[in-house]
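Below you'll find the structure, written out as structure tokens, and then a few comments.
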Amino acid sequence: MAKLNINGEIRNVEVDGTTPLLWVIREQIGLTGTKYGCGIAQCGACTVHIDGQAVRSCVYPVAAVTETQKITTIEGLSEDGDHPVQQAWAELDTPQCGYCQPGMIMASAALLNNQPKPTDADIDAQITNICRCGTFQRVREGIHLAVNISASAPSIAASTNAANTTEEAKG
Amino acid sequence: METVKISRRKFVIGTAATGAGLSMGMALTFSSKFALADHHEEMEPEVNAWVVIDADDTVTIRIARSEMGQGTLTGLAQMVAEELECDWDKVTWEYPTPGENLKRDRVWQSFATGGSRGIRGSHQYVREGGAAARMMLVEAAANEWGVPISECSAASSVITHAGSGKTTTFGKVANAAAKLSPPMEVTLKDPKDWKLIGQPVKRLDTLDKLTGKQVFGSDVVLPGMLNASIKACPVHGGKRKSFNAFKAEKMPGVRSVVAVDDNAVAVIADTWWQANTALNAVEIEWDKGESEKVSSATIDKMLEEGLSAETEFVANKVGDVKESYAKAAKTYTADYSYPYQNHATMEPMNATAVWSKDRCEVWVPTQNGESALAAAAEAAGLPVEQCEVYKISLGGGFGRRGQADYVRQAVAIAKTIPGTPIKLLWTREEDMLHGYYHPITKARMTAALDEDGNLDGLHVRISGQSILATLMAERLGGNMDPVVFQALAPEGDHSISYTVPNLLVDHAMRNTHITPGFWRGVNVNQNAIYMECFLDELAHETGQDSLVFHRKLMKQHPEALVVLETVAKKSGWGESDGLHRGLSVCKAFGSYVAACAEVTVTDGKLKIHRIVAATDPGYAVNPQQIEAQVFGSFAYGLSAMLYGECTVKDGQIEQENFDTYPSIKIADMPHVDVTVMPSGGFWGGVGEPTIAVAAPAVLNAIFAATGRRIRNLPLKDQDIS
Numbered sequence: 130m131a132k133l134n135i136n137g138e139i140r141n142v143e144v145d146g147t148t149p150l151l152w153v154i155r156e157q158i159g160l161t162g163t164k165y166g167c168g169i170a171q172c173g174a175c176t177v178h179i180d181g182q183a184v185r186s187c188v189y190p191v192a193a194v195t196e197t198q199k200i201t202t203i204e205g206l207s208e209d210g211d212h213p214v215q216q217a218w219a220e221l222d223t224p225q226c227g228y229c230q231p232g233m234i235m236a237s238a239a240l241l242n243n244q245p246k247p248t249d250a251d252i253d254a255q256i257t258n259i260c261r262c263g264t265f266q267r268v269r270e271g272i273h274l275a276v277n278i279s280a281s282a283p284s285i286a287a288s289t290n291a292a293n294t295t296e297e298a299k300g
Numbered sequence: 004m005e006t007v008k009i010s011r012r013k014f015v016i017g018t019a020a021t022g023a024g025l026s027m028g029m030a031l032t033f034s035s036k037f038a039l040a041d042h043h044e045e046m047e048p049e050v051n052a053w054v055v056i057d058a059d060d061t062v063t064i065r066i067a068r069s070e071m072g073q074g075t076l077t078g079l080a081q082m083v084a085e086e087l088e089c090d091w092d093k094v095t096w097e098y099p100t101p102g103e104n105l106k107r108d109r110v111w112q113s114f115a116t117g118g119s120r121g122i123r124g125s126h127q128y129v130r131e132g133g134a135a136a137r138m139m140l141v142e143a144a145a146n147e148w149g150v151p152i153s154e155c156s157a158a159s160s161v162i163t164h165a166g167s168g169k170t171t172t173f174g175k176v177a178n179a180a181a182k183l184s185p186p187m188e189v190t191l192k193d194p195k196d197w198k199l200i201g202q203p204v205k206r207l208d209t210l211d212k213l214t215g216k217q218v219f220g221s222d223v224v225l226p227g228m229l230n231a232s233i234k235a236c237p238v239h240g241g242k243r244k245s246f247n248a249f250k251a252e253k254m255p256g257v258r259s260v261v262a263v264d265d266n267a268v269a270v271i272a273d274t275w276w277q278a279n280t281a282l283n284a285v286e287i288e289w290d291k292g293e294s295e296k297v298s299s300a301t302i303d304k305m306l307e308e309g310l311s312a313e314t315e316f317v318a319n320k321v322g323d324v325k326e327s328y329a330k331a332a333k334t335y336t337a338d339y340s341y342p343y344q345n346h347a348t349m350e351p352m353n354a355t356a357v358w359s360k361d362r363c364e365v366w367v368p369t370q371n372g373e374s375a376l377a378a379a380a381e382a383a384g385l386p387v388e389q390c391e392v393y394k395i396s397l398g399g400g401f402g403r404r405g406q407a408d409y410v411r412q413a414v415a416i417a418k419t420i421p422g423t424p425i426k427l428l429w430t431r432e433e434d435m436l437h438g439y440y441h442p443i444t445k446a447r448m449t450a451a452l453d454e455d456g457n458l459d460g461l462h463v464r465i466s467g468q469s470i471l472a473t474l475m476a477e478r479l480g481g482n483m484d485p486v487v488f489q490a491l492a493p494e495g496d497h498s499i500s501y502t503v504p505n506l507l508v509d510h511a512m513r514n515t516h517i518t519p520g521f522w523r524g525v526n527v528n529q530n531a532i533y534m535e536c537f538l539d540e541l542a543h544e545t546g547q548d549s550l551v552f553h554r555k556l557m558k559q560h561p562e563a564l565v566v567l568e569t570v571a572k573k574s575g576w577g578e579s580d581g582l583h584r585g586l587s588v589c590k591a592f593g594s595y596v597a598a599c600a601e602v603t604v605t606d607g608k609l610k611i612h613r614i615v616a617a618t619d620p621g622y623a624v625n626p627q628q629i630e631a632q633v634f635g636s637f638a639y640g641l642s643a644m645l646y647g648e649c650t651v652k653d654g655q656i657e658q659e660n661f662d663t664y665p666s667i668k669i670a671d672m673p674h675v676d677v678t679v680m681p682s683g684g685f686w687g688g689v690g691e692p693t694i695a696v697a698a699p700a701v702l703n704a705i706f707a708a709t710g711r712r713i714r715n716l717p718l719k720d721q722d723i724s
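Protein chains in written order, with the working numbering: chain A, 130 to 300; chain B, 4 to 724.
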């Protein structure tokens with residue numbers, strides 16, 4: 130049995146503790162936005178946040194997550210799909226097939242959590258997700274655009290956090 | 004609680020991610036629930052096969068080809084909408100099913116999505132579909148008003164009667180229009196009158212990809228569904244000898260351990276993680292057969308022999324190269340090679356199937372819904388009329404999902420538990436080991452040069468594997484594989500971009516047991532490297548500027564020369580600014596593409612600063628999506644050049660995951676400046692051609708920087724210090 134705080138809701142799941150968080154999220158919780166790509170933390174399609182930091186959930190045993198840690202998946206990144214990264218991605222039509230994009234978006238959002246104005250070198254170092262369609266140019270532009278969106282509407286990020294807090298209270 | 008949302012209009016299954024736990028054992032009624040026949044009765048009016056219009060003016064455009072990221076979906080919708088004269092803001096889309104296509108005498112024609120043919124292969128009939136629907140809507144309005152059709156016109160989903168100024172909307176007359184006979188003759192717009200074709204409108208399929216809502220094949224959840232993981236004999240063509248499931252069968256969640264075909268074992272369990280964990284506990288003995296003795300070294304030896312062997316497979320012959328050699332001031336030879344590569348779609352292969360003795364249904368991300376349906380019927384042992392395939396979003400295709408091997412497996416597994424849907428998802432390792440690989444080839448390039456450094460004779464000998472010989476033997480012409488000669492052919496979509504007085508292009512077919520396949524760009528990729536790098540070698544060897552050397556050979560290929568000149572000019576070819584440049588040009592899939600790479604090499608480390616690219620696809624339906632395809636082609640092509648290599652040991656592919664088969668990441672990716680320069684008058688593809696110019700442009704730039712010729716790939720194995 131594991132007790133998880135996912136997207137502001139407390140969830141109890143009956144699962145072997147060695148099961149990777151990815152498969153608990155996809156199969157027990159039923160949130161399929163987080164993807165399986167490699168199973169060995171190489172591609173980043175499974176990226177979620179634990180307390181705001183990017184984690185590759187395919188190699189993260191569920192037993193290693195405590196119930197006070199806040200897990201955020203792509204479904205919980207924002208209430209209405211309006212996180213600055215999501216807005217920037219929509220503006221630039223960043224996705225192609227889209228399979229890697231939940232991971233790419235979560236990695237980008239985590240980067241912005243840590244470095245609100247990342248340089249290209251920061252992006253090169255921190256965004257190590259694989260995209261086989263090759264959306265990288267719009268990912269890079271999108272991260273820079275998200276910085277501008279955050280700057281022009283600081284309330285968005287704040288309201289996202291507020292929404293999570295409210296949901297958590299409900300949970 | 005887990006729920007299944009059957010979208011009445013989308014034919015796809017969604018997961019409502021609200022509950023915990025899997026609800027097992029629910030009966031699934033699938034005999035009519037998903038059938039389009041029933042669905043029709045409750046549908047909004049179908050004006051014709053391509054266009055459905057709701058009372059609220061929502062226009063649903065049917066898309067037969069598969070969207071796998073390449074943007075075809077949006078482009079095809081633009082073409083229908085252009086002729087329909089509908090309000091683009093009210094356009095949505097849906098996939099018809101392959102079964103419905105068969106039932107309706109293939110009204111949507113081909114579902115095959117490959118060869119960069121999505122738009123260039125269907126532009127005529129989809130536009131005619133839009134135009135016919137518009138004519139029927141206008142006729143319905145004219146009938147209602149009792150006025151001549153010729154006095155009415157449509158624009159932005161509104162029909163207007165010129166005389167009275169009366170207006171109505173598509174939604175209001177759609178029902179009446181649906182009852183009319185389709186027009187006998189349809190006239191399409193002159194391209195100069197296009198308003199929507201040629202516009203960089205946003206994709207129709209972006210938003211759900213930003214929130215996790217987009218359902219890919221691996222995300223499909225059906226009531227009562229079980230999950231399966233599979234292992235097939237790691238040596239292609241090998242068999243399953245025996246397996247011991249004693250331990251696996253007792254593991255949590257496991258329902259059964261089953262033999263699949265004659266070469267695989269699968270575990271069926273409540274969750275996929277349980278299935279895969281148990282699969283790893285199954286002891287399997289393989290009969291690897293004779294192919295176990297094959298390795299990269301033995302394959303290399305076989306291809307090497309082909310470089311000088313006698314062959315009758317000649318694709319392109321002009322003059323006499325032997326005479327040219329005899330009178331040449333100088334002959335020059337270089338050998339090149341290209342390794343096996345895996346498609347490595349981000350989403351591993353998968354399919355969900357449910358089988359009973361009288362019906363089989365499959366939910367699958369596929370590039371070819373109709374071949375998936377045929378494969379499902381065959382595996383199900385049922386007439387195709389009793390089977391159906393529902394196309395689900397693809398997490399990448401690149402040619403891999405044109406095959407239906409995983410569909411056959413999913414149906415075989417589903418047959419073991421009749422009435423229960425089972426989702427088969429491959430591990431990344433299974434995906435890497437059981438690909439349809441970009442075929443291995445070598446080339447011996449031999450040139451005869453006259454005393455002025457002009458290319459008088461050229462022999463391109465390709466030695467290597469044929470895709471058609473393995474996958475479509477019926478398409479071989481007299482045992483010759485025409486696909487091998489892409490970009491070197493005398494004419495057509497893949498014609499050579501140069502005129503050489505004496506030319507011989509031939510092929511020594513050398514096949515192995517490793518399954519080859521159509522890999523984005525197909526044989527253009529290898530051939531463009533051989534040709535473009537070798538021409539650069541010749542230019543250098545004769546002391547000529549590479550662009551000048553190209554120009555001399557391209558006088559009769561003005562379309563290709565224009566894109567080459569464009570990239571040379573935009574990149575500043577010939578400038579001394581510390582950057583080293585390399586050029587490449589190619590005609591492929593009917594389009595003309597070129598690239599100029601700007602690089603530096605410091606202490607053996609390559610930095611690609613920028614790539615300037617140009618594409619002339621004839622007509623450009625959506626320039627923004629073409630740009631995206633060109634960017635993506637460089638990512639795919641550069642990834643292949645830098646890292647892509649599958650090697651063979653003891654008969655099996657050695658690379659099993661992204662740790663040993665790396666893929667390009669953002670840090671490696673140069674900025675790409677794209678010029679889309681449609682010259683009109685023809686329809687070229689855009690998904691594939693540019694990949695071919697990525698590697699040679701960079702390799703030629705590396706030579707300019709270092710004096711080192713890279714003739715074998717990937718670059719990670721080469722010394723460029």
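All C-beta atoms, glycine included, are put in the ideal place defined by N, C-alpha and C.
{"Query": "Using a Cβ-Cβ distance under 8 Å, would ARG185(A) count as near chain B?", "Result": "no"}
{"Query": "Between ALA670(B) and chain A, is any beta-carbon pair separated by less than 8 Å?", "Result": "yes"}
{"Query": "Reducing DSSP to helix, strand and coil, say where SER500(B) ends up.", "Result": "coil"}
{"Query": "Kindly identify the DSSP beta-bridge partner or partners of TYR339(B).", "Result": "ALA446(B)"}
{"Query": "Does the Cβ of ILE139(A) have 16 or more other Cβ atoms within 10 Å, making it buried, or fewer, making it exposed?", "Result": "exposed"}
{"Query": "Residues of chain B with CB closer than 8 Å to the CB of ALA239(A), please, in chain order.", "Result": "Going along chain B, no residue has its Cβ under 8 Å from ALA239(A), so there is no contact; the nearest lies around 15 Å."}
{"Query": "Indicate whether at least one CB of chain A lies closer than 8 Å to the CB of THR274(B).", "Result": "yes"}
{"Query": "Considering only the beta carbon of each residue, do TYR393(B) and TRP429(B) sit closer than 8 Å?", "Result": "no"}
{"Query": "Give a yes or no on whether the C-beta atoms belonging to VAL194(A) and GLY271(A) are separated by under 8 Å.", "Result": "no"}
{"Query": "Measuring CB to CB, does HIS553(B) end up less than 8 Å from LEU582(B)?", "Result": "no"}
{"Query": "Ends of the alpha helix (DSSP H) at MET475(B)?", "Result": "Note, MET475(B): premise wrong, no alpha helix (DSSP H); not H, not E."}
{"Query": "Taking Cβ positions, are ARG123(B) and GLY481(B) nearer each other than 8 Å?", "Result": "no"}
{"Query": "For TYR533(B), count the other beta carbons within 10 Å of its own beta carbon; 16 or more makes it buried, fewer makes it exposed. Which is it?", "Result": "buried"}
{"Query": "Could you work out which residues of chain A lie near VAL285(B), taking near to mean beta carbons separated by less than 7 Å?", "Result": "The contacting residues do not exist; VAL285(B) stays about 18 Å from chain A at best."}
{"Query": "As a quick exercise: from GLU373(B), THR171(B), ARG714(B), ALA492(B), pick the residue whose alpha carbon is nearest that of VAL317(B).", "Result": "ALA492(B)"}
{"Query": "With H, G and I counted as helix, E and B as strand and the rest as coil, what does DSSP make of GLY402(B)?", "Result": "coil"}
{"Query": "Who are the near neighbours of GLY256(B) in its chain, counting only those whose CB is closer than 7 Å to its CB and skipping five residues on each side?", "Result": "ALA272, ASP273, THR274, GLN277"}
{"Query": "Using a beta-carbon distance below 8 Å, is GLU350(B) in contact with chain A?", "Result": "yes"}
{"Query": "Closer than 7 Å by C-beta to ALA775(B): which residues in its own chain qualify, once you throw out the five before and the five after it? Chain order, please.", "Result": "Lying outside 4 to 724, the shown extent of chain B, residue 775(B) is not represented and no answer is given."}
{"Query": "Within its chain, find whatever has a CB closer than 6 Å to the CB of THR147(A); leave out the 5 residues flanking it on each side and keep chain order.", "Result": "PRO190"}
{"Query": "Give the secondary structure of ARG411(B) by DSSP, where H, G and I count as helix, E and B as strand, and everything else as coil.", "Result": "helix"}
{"Query": "By a C-beta neighbour count over all protein chains shown, 10 Å radius and 16 as the cutoff for buried, is ARG714(B) buried or exposed?", "Result": "buried"}
{"Query": "So that I know if they touch, is there some Cβ in chain B lying closer than 8 Å to that of ALA282(A)?", "Result": "no"}
{"Query": "Give me whichever residues DSSP pairs with ALA695(B) in a beta bridge.", "Result": "Paired residues: none, contrary to the question."}
{"Query": "Which residues in the same chain as CYS262(A) place their Cβ atom closer than 7 Å to its Cβ, once the five residues preceding and following it in sequence are excluded?", "Result": "GLN225, CYS226"}
{"Query": "Any C-beta of chain B within less than 9 Å: which residues of the segment 262-276 of chain A qualify?", "Result": "CYS262, GLY263, THR264, PHE265, GLN266, ARG267, VAL268, ARG269"}
{"Query": "For the segment 169-199 of chain A, list every residue whose C-beta sits within 7 Å of some C-beta in chain B, in sequence order.", "Result": "ILE169, GLN171, CYS172, ALA174"}
{"Query": "Examine chain B for any beta-carbon lying closer than 8 Å to the beta-carbon of GLN244(A), and answer yes or no.", "Result": "no"}
{"Query": "Does the count of Cβ pairs from the segment 341-349 of chain B and the segment 188-195 of chain B closer than 8 Å reach three?", "Result": "no"}
{"Query": "Of all the residues that make up the segment 53-75 of chain B, which are near chain A by a beta-carbon distance shorter than 9 Å?", "Result": "GLU70, MET71, GLY72, GLN73, GLY74"}
{"Query": "Pick from MET557(B), ASP548(B), ILE64(B): whose alpha carbon is nearest that of GLY577(B)?", "Result": "ASP548(B)"}
{"Query": "Work out the CA separation of THR116(B) and GLN73(B) for me, nearest whole Å.", "Result": "10 Å"}
{"Query": "Is GLU204(A) close to chain B? Criterion is C-beta to C-beta, closer than 8 Å.", "Result": "yes"}
{"Query": "Can you give me the start and stop residues for the beta strand (DSSP E) that LEU428(B) sits inside?", "Result": "425-428"}
{"Query": "Indicate whether the contact test is met: 3 or more Cβ pairs, each with one atom in the segment 102-114 of chain B and one in the segment 76-83 of chain B, closer than 8 Å.", "Result": "no"}
{"Query": "Are there 16 or more other CB atoms within 10 angstroms of the CB of LYS132(A), so buried, or fewer, so exposed?", "Result": "exposed"}
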